[in-house]
Amino acid sequence: MSSRAAHAATIVVLAAVSTVSWPGSPATAAGSAGYCPDASGVTVVVDFHELGGGTVVRCAPGAQATGLAALKNAGFEVTGTLRWGEGFICRIGGKPSAASEKCVDTPPASAYWSYWHAPNGGGWAYSDKGVLNRKPPAGSFEGWSFSLHRNANDAPRPGVTPKRPAPTPPPPPTPPAAGGGPAAPPPAAGGNPVVPPAGGAGRTTTLPPAGTPSATPVGTATAGVTATPSTSVPAATPSGVTGPSGGTAGEPAVTEVAASDDGGGGLPLGTVAGALLLTALAVGGVVTARRRRTAGPDD
């Protein structure tokens, strides 16, 4: 076999090997965009610099065995070299392009991906270990920064501070709706309540509203109040003049008092009315007797 044919066969073999996963390399996981929310994962920062694409931050959830595992599990596409495999990172996210970098052997020191690490809240440090020889601690940061026309002493750090943002506080509780208290009950219909006078039954009587005629007849006592008769002494009349209902004009008029019995305290209403009637008859008899004695000599 000629030397040219042997060289061509070597290139084919290397190309075939590059398409196969390297022993011990972890499977690629999707990861999640942004910083890891807590210390259970590893945050990976990739700064493309002159390659274009800005700075990308992603999270590799859970514990990571190597720096390569963290880079892949964060969701970045990784390409190694034909000679060294993924032990030497040549492309991240398809950059640099195949036109500018063949990724056959170790990239030149003037254009390569520099490897960094940092604790949460600390500073970036250039890694003195290879991507397969470093185990990133949980909660730490892994950084990849493309260095163009520089060396290891002045390679640019990733352009993101290695510090997880503070967690977002929960929203405040919703205040209760205004005016949520119970409504006061409306006043009783028909008027305002009043307290009965002393000696009554202690019940509340409702006054009728303004403009309503009273339903209680004149001369009728309110329940619980003792009725007092009104006795009038008639003026003297000429002798021999007879008063109404067969009596004389000098007999006092007796007003009947109607009272409602509500079961309250005090004397029974019938007893009071009978006593008043007897008193009126006695007074009328005395007045009649005196007038007859006075009129006797004239007859």
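The sequence shown begins at 23 in this note's numbering and counts up one residue at a time. Quick reminder that beta carbons are idealized off the backbone N, C-alpha and C, glycines included.
What is the rounded straight-line gap between the Cα of Ala37 and the Cα of Gly107? Confidence in Ala37 is poor, its pLDDT being 37 and thus under 50, which makes the residue's placement too unreliable to answer from.
Which of the three DSSP states, helix, strand or coil, is assigned to Lys117? strand
Following the continuous alpha helix (DSSP H) through Ala92, name the residue where it begins and the one where it ends. Gly89 to Asn95
What number of angstroms, rounded off, separates the C-alpha of Phe168 from the C-alpha of Val79? 15 Å
Quick check: the Cα distance between Gly53 and Leu90, rounded to an integer number of angstroms? 14 Å
Considering only residues of the same chain and omitting the five flanking positions on each side of Gly116, which have a CB-CB separation below 8 Å? Glu99 and Thr101
Where Glu99 sits in the DSSP three-state scheme: The answer is coil: DSSP assigns Glu99 none of H, G, I, E or B.
Nearest-angstrom Cα separation, counted from Tyr134 out to Ser122: 12 Å
Ignore the nearest five residues each way along the sequence and tell me which others in Ala82's own chain have a CB closer than 7 Å to its CB. For Ala82, where only same-chain residues beyond five positions count, the Cβ hits under 7 Å are Gly53, Gly63, Val64, Val66, Ala92, Asn95 and Ala96.
Classify Gly165 as buried or exposed, calling it buried when 16 or more other Cβ atoms lie within 10 Å of its own Cβ. buried
Please state the DSSP three-state secondary structure of Leu104. coil
Which residues does DSSP list as the beta-bridge partners of Glu164? Val66 and His139
Is it right to say Arg312 is buried, meaning 16 or more other beta carbons lie within 10 angstroms of its own, or is it exposed? exposed
For the beta strand (DSSP E) that contains Val182, what are its first and last residues? If you look at Val182, you'll find it isn't in any beta strand (DSSP E); DSSP assigns it neither H nor E.
For Pro197, which residues from the same chain have a beta carbon less than 7 Å from its beta carbon, with the 5 sequence-adjacent residues on both sides left out? Counting only residues of its own chain and dropping the five nearest sequence neighbours on each side, Pro197 has no CB closer than 7 Å to any other CB.
Val16 versus Thr293 - alpha carbon distance: Since the first residue shown for the chain is 23 and the last is 321, residue 16 is missing from the structure and cannot be characterised.
For Arg80, the three-state DSSP class (helix, strand or coil): strand
His171 beta carbon less than 7 Å from that of Ser136: no
Cβ atoms of Val153 and Thr77: under 7 Å apart, would you say? no
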